[in-house]
Amino acid sequence: MKNFQYTEASQPAQAVQQIGAGRDTKFVAGGTNLVDLMKYGIEQPDTLIDISRLELAKIEKTATGIRIGALARNSDMAEHPLVTSQFPLLAEALLAGASPQLRNMATLGGNLMQRTRCNYFYDISQPCNKRQGPTAQAGCGALEGYNRIHAILGLESGDLNQSCIATNPSDMNVALAALDAVVNVSGPAGQRAIPIRDFHRLAGKKPQQDTTLAPNELITSIDLTTPQRAGKSHYLKVRDRASYAFALVSVAARLVVESGRIQDVRLALGGVAHKPWRLTSVEQQLIGKPATEASFREAARQLVAGAKGFEHNAFKIELAQSAIVRALQTVAA
Amino acid sequence: MADQQHPDESAEHSGASRRDFLKQSSIMAAFAITPPAAVTAVEKGLHETIATRFEQMPLRVTINGAAQQLNIEPRVTLLDLLREQLNLTGTKKGCDHGQCGACTVHVDGTRVNACLTLAMTTEGCKVTTIEGLADGDQLHPMQEAFIKHDGFQCGYCTPGQIMSAVACIREGHADSPDEIREYMSGNICRCGAYSNIVDAIMDVKQGGQKV
Numbered sequence: 001m002k003n004f005q006y007t008e009a010s011q012p013a014q015a016v017q018q019i020g021a022g023r024d025t026k027f028v029a030g031g032t033n034l035v036d037l038m039k040y041g042i043e044q045p046d047t048l049i050d051i052s053r054l055e056l057a058k059i060e061k062t063a064t065g066i067r068i069g070a071l072a073r074n075s076d077m078a079e080h081p082l083v084t085s086q087f088p089l090l091a092e093a094l095l096a097g098a099s100p101q102l103r104n105m106a107t108l109g110g111n112l113m114q115r116t117r118c119n120y121f122y123d124i125s126q127p128c129n130k131r132q133g134p135t136a137q138a139g140c141g142a143l144e145g146y147n148r149i150h151a152i153l154g155l156e157s158g159d160l161n162q163s164c165i166a167t168n169p170s171d172m173n174v175a176l177a178a179l180d181a182v183v184n185v186s187g188p189a190g191q192r193a194i195p196i197r198d199f200h201r202l203a204g205k206k207p208q209q210d211t212t213l214a215p216n217e218l219i220t221s222i223d224l225t226t227p228q229r230a231g232k233s234h235y236l237k238v239r240d241r242a243s244y245a246f247a248l249v250s251v252a253a254r255l256v257v258e259s260g261r262i263q264d265v266r267l268a269l270g271g272v273a274h275k276p277w278r279l280t281s282v283e284q285q286l287i288g289k290p291a292t293e294a295s296f297r298e299a300a301r302q303l304v305a306g307a308k309g310f311e312h313n314a315f316k317i318e319l320a321q322s323a324i325v326r327a328l329q330t331v332a333a
Numbered sequence: 001m002a003d004q005q006h007p008d009e010s011a012e013h014s015g016a017s018r019r020d021f022l023k024q025s026s027i028m029a030a031f032a033i034t035p036p037a038a039v040t041a042v043e044k045g046l047h048e049t050i051a052t053r054f055e056q057m058p059l060r061v062t063i064n065g066a067a068q069q070l071n072i073e074p075r076v077t078l079l080d081l082l083r084e085q086l087n088l089t090g091t092k093k094g095c096d097h098g099q100c101g102a103c104t105v106h107v108d109g110t111r112v113n114a115c116l117t118l119a120m121t122t123e124g125c126k127v128t129t130i131e132g133l134a135d136g137d138q139l140h141p142m143q144e145a146f147i148k149h150d151g152f153q154c155g156y157c158t159p160g161q162i163m164s165a166v167a168c169i170r171e172g173h174a175d176s177p178d179e180i181r182e183y184m185s186g187n188i189c190r191c192g193a194y195s196n197i198v199d200a201i202m203d204v205k206q207g208g209q210k211v
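Chains as they are written, first to last, in the numbering used here: chain A, 1 to 333; chain B, 1 to 211.
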């Protein structure tokens, strides 16, 4: 690992000031992703600002729901009574991710910023638009390579060799997408709130950019609004082993059913796109429909409409639909 | 072990603390646009041994009860600090990328992967490694149980397995074999001693011994 200068921020405002002053400066908290990337030479910051001791780890009630500080550890979030009682979907997704050791280290903010696990992004001998940036005209190693874990949705309609077919690896992000989380960030110009659907982005022509967070902004917290109506939720994760593996496909589902009819539904998919995949138009069409397999199957078909399979991942198109149906049947039961 | 300082004592007696150092360097960093002096010391032609001094920072951390005052490069992970500078080689380097759990240690009572922990971030923390688990010659109940149940073959993953197993019980995640399997999933054993490891943990849990 290349050496770097290490500093510590004592206040969020100071952290923002410090990151704005450095040339190639990054925040570090849990380090579970960044330190790994630095070992591979994918990230090579000159300066790391340790933000892990900022007072941003609280989980507290708000007027409309809860606020989770950016430095809350994944394990703390997953076991916090406010999360387990009001947002069991988030707790379930968090516990489906990583290992107990990693969950003890990884923070909310870091998980939001988690980078893809694409093998070609991780291998610096391979071409990668995400790692090298589009101006390098590197191309995408995964396109003609081993692309079993890659995206099937949200792909650029133009030349994919200029773009990226990687997926967002986070389980937490999928649950947050289904729950309409709002990401609060602090920058030189002050605070702003970013709805989760606008926080992560599709690769498009800027494959190097995973999120809409500016390089000099600091995530401070997320807000979650408690759903109006009681419902049931489930995070279904399909992976190559029973635990401790990234999702091939995952589904975050929340359903409210009354007298056999769907009153409210949230559906987000993981492992299929550059960001958690959610189509509110599909959810709207489910409202008022009977909570039956036929309705679920139709929604699943619509949610993956336009999916594109590559040499090794075409199975995901069918798998995603089956997973959606199973997740909805689980919460409808 | 007799000449170890109490952690609080050493904190009081140390001169320029790392906090002061950091405060100063933070202020410098806030105004400096040029690449950090430490990183470029070698590039600027300074002799390597002198440059190395520039690149080191003070760290105070308590390891297995012993207060340590160290100088390290910021890029040193807790795993490399333990193994290469403190000769605590019980903590193993398996994958070095947070995928195998062989490097599991406790930081302030919480199990973490030492390979992905920058040592600098453990300032003021209490670290426990496999060497700190036994009480003198008296093995920890989990160590006894691993021997009793043959919870290993080659033994390379064992220190990480045991540190994780102790945490698993302390966290309250060892109530059934299924729960143990899930909460031990961050520790890979390529020999496949899993079933005996689960037996060992169940034995300690059901024995009700203090872990």
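Ideal Cβ placement from N, Cα and C applies to all residues, glycine included. Only a predicted model underlies this, so the values are computations on that prediction, with no experimental measurement involved.
#1: Mind checking the region 194 to 220 of chain A against chain B and listing, in chain order, the residues whose C-beta falls within less than 9 Å of any C-beta there?
#2: Are three or more beta carbon pairs between the region 154 to 165 of chain B and the region 180 to 191 of chain B nearer than 8 Å?
#3: Can you find a CB in chain B that lies within less than 9 Å of the CB of Q162(A)?
#4: List the residues that DSSP assigns as beta-bridge partners of T7(A).
#5: My guess is that A252(A) and V182(A) are in contact by the Cβ rule of under 8 Å, so how many angstroms apart are they, rounded?
#6: Determine, for M120(B), whether the minimum Cβ-Cβ distance to residues of chain A falls below 9 Å.
#7: Have a look at D199(B) and A242(A) and give me their C-alpha separation to the nearest angstrom.
#8: So the candidates are H106(B), G94(B), N113(B); which of them puts its Cα closest to the Cα of E131(B)?
#9: Does N74(A) get closer than 9 Å to chain B when you measure Cβ to Cβ?
#10: Can you give the Cα-Cα distance for T84(A) and A333(A), rounded to whole angstroms?
#11: Give the interface partners of V112(B) over in chain A, defined as CB-CB distance under 7 Å, in chain order.
#12: Which partner residues of R254(A) appear in the DSSP bridge assignment?
#13: Evaluate F296(A) with the Cβ neighbour count: other Cβ atoms within 10 Å of its Cβ, from every protein chain shown; 16 or more gives buried, anything less gives exposed.
#14: Starting from G31(A), find everything on chain B with Cβ-Cβ shorter than 8 Å and list it in chain order.
#15: Is there a Cβ of chain B sitting closer than 9 Å to that of R126(A), yes or no?
#16: Relative to the C-alpha of P322(A), which residue among G306(A), K308(A), E293(A) is closest?
#17: In or out: N87(B) buried (at least 16 other Cβ within 10 Å) or exposed?
#18: Measure from the alpha carbon of C115(B) to the alpha carbon of each residue in G30(A), I149(A), T212(A), E8(A), then state which is nearest.
#19: Of all the CB atoms in chain B, is at least one closer than 9 Å to the CB of A57(A)?
#20: I'd like to know whether the C-beta atoms of V166(B) and H149(B) end up nearer to each other than 9 Å.
#21: Please say whether F4(A) and D46(A) have beta carbons closer to each other than 9 Å?
#22: Here's the rule: buried if 16 or more other CB atoms are within 10 angstroms of the residue's CB, otherwise exposed. What is L207(A)?
#23: Under 8 Å Cβ-Cβ, which residues of chain B neighbour M1(A)?
#24: If contacts are defined as beta-carbon pairs under 8 Å, then T107(A) and A72(A) qualify, I think. What distance do you get, rounded to the angstrom?
#25: For Y156(B) and chain A, any beta-carbon pair shorter than 9 Å?
#26: What does D96(B) touch in chain A if you count any residue whose Cβ is under 8 Å from its own?
#27: Regarding T64(A) and the ligand GDP, is the C-beta to nearest heavy atom distance less than 8 Å?
#28: Identify, in the order they occur along the chain, each residue of the same chain with its Cβ nearer than 6 Å to the Cβ of M105(A), setting aside the five sequence neighbours on each side.
#29: Determine the DSSP secondary structure at F121(A), reduced to helix, strand or coil.
#30: Could you tell me which chain A residues have their CB closer than 9 Å to the CB of G186(B), listed as they occur along the chain?
#31: Taking 9 Å as the CB-CB limit, is Q5(A) close to chain B?
#32: Along chain A, in chain order, which residues have C-beta atoms closer than 8 Å to that of M142(B)?
#33: Taking the beta carbon of Q11(A) as the centre, do at least 16 other beta carbons fall within 10 Å, making it buried, or is it exposed?
#34: Closer than 8 Å, Cβ to Cβ, to anything on chain C: give me those residues from the region 166 to 183 of chain A, in chain order.
#35: Within 9 Å of any Cβ in chain A, is that where the Cβ of C168(B) sits?
#36: Applying a beta-carbon distance threshold of less than 7 Å, which residues of chain A neighbour Y183(B)?
Let me lay it out:
#1: none
#2: yes
#3: no
#4: I49(A)
#5: A252(A) to V182(A), Cβ: 17 Å. No contact.
#6: yes
#7: 19 Å
#8: H106(B)
#9: no
#10: 20 Å
#11: Q101, N104, M105
#12: S233(A), R266(A)
#13: buried
#14: L116, T117, L118, T121
#15: First, the amino acid is wrong: residue 126(A) is Gln here, not Arg. No, because no Cβ of chain B sits closer than 9 Å to the Cβ of Q126(A).
#16: The displayed chain sequence assigns Ser, not Pro, to residue 322(A). Comparing Cα-Cα distances from S322(A) to each of G306(A), K308(A), E293(A), the minimum goes to E293(A).
#17: exposed
#18: G30(A)
#19: no
#20: no
#21: yes
#22: What sits at residue 207(A) in the sequence shown is Pro, not Leu. Its Cβ being crowded by 16 or more others within 10 Å, P207(A) is buried.
#23: R75
#24: 7 Å
#25: no
#26: K39
#27: The ligand GDP is not part of the structure shown, which contains no ligands of any sort.
#28: G30, T32
#29: helix
#30: A98, S99, P100, Q101, L102, R103, S243, Y244
#31: yes
#32: Those do not exist, as M142(B) stays about 16 Å from chain A at its closest Cβ, beyond 8 Å.
#33: exposed
#34: Absence of chain C from the displayed structure is noted, the protein chains being A and B.
#35: yes
#36: P100
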